[in-house]
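Down below is the structure, laid out as structure tokens.
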Amino acid sequence: MRSLMAAYLLIVVILLFGSADSLRGQSSLSLTYVDAELILNQHVGNEWTHSVWLNGNPLERGRAVRLEPVNRYELSVAVEETNEKYIDDGHTTRVLTADLLQKALTDESFYLDVTVTEGNGRYAGGRAVWRFYFSLK
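Numbering (my numbering), first residue to last: 4 to 140.
Given below as structure tokens:
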């Protein structure tokens, strides 16, 4: 029974950390929110506010934060129209897995897209897409 339990634990460890072999040697990584860019706007809005959070804490543009490769992180981004009678918004959250960190570390960057859909007026159904860029070193 003990050997079965040990084998099970070994499988769990391999599944959790096996795909991130090159991350194991890293003591920490540096994540930076680089910029946000409006890449599509079908008459949704002209003035916007956006926010980025890492594990529920605000992440400022240009400020690097340290990540431990073995920890779990939730990266959230949100966009909202401003100065509108009916405010439209969009958001997304990505769990930073070992696989995603490995790919981003290879490319030294990644991005998240957020879609905002116009809910009212003659342009209802129109979309705006924001792209949030991040660097990882």
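Even glycine gets a Cβ: it sits at the ideal position worked out from N, Cα and C.
Residue i, buried or exposed, once every other Cβ within 10 Å from all chains shown has been counted against 16
i: E84; result: buried
i: A131; result: buried
i: V73; result: exposed
i: V47; result: buried
Span separating the alpha-carbon of residue i from that of residue j
i: E40; j: R134; result: 5 Å
i: T120; j: V80; result: 16 Å
i: E63; j: G128; result: 31 Å
i: Q45; j: D38; result: 21 Å
i: E111; j: S138; result: 6 Å
i: N49; j: N86; result: 9 Å
i: W51; j: K106; result: 30 Å
i: R88; j: I42; result: Here the sequence assigns Lys to residue 88, which means Arg is not the residue at that position. The alpha-carbon atoms of K88 and I42 are separated by roughly 24 Å.
Assigned secondary structure, residue i (DSSP; H/G/I helix, E/B strand, else coil)
i: D110; result: helix
i: D102; result: helix
i: H94; result: strand
i: T85; result: coil
i: E40; result: strand
Residue-chain proximity (residue i, chain D), Cβ-Cβ < 8 Å
i: E83; result: Protein chain content of the structure displayed is limited to a single chain, and chain D is not contained in it.
Practice item. Count the C-beta pairs between the stretch 61-70 and the stretch 29-39 that are closer than 8 Å, then say yes if the count reaches three, no if not. Key: yes
Review point. Using 8 Å as the Cβ pair cut-off and three pairs as the minimum, do the stretch 119-126 and the stretch 54-68 touch?
Key: no
**Study point:** 3-residue-minimum beta strand (DSSP E) runs that sit fully inside the stretch 48-77, ordered along the chain
**Key:** 51-57, 67-70
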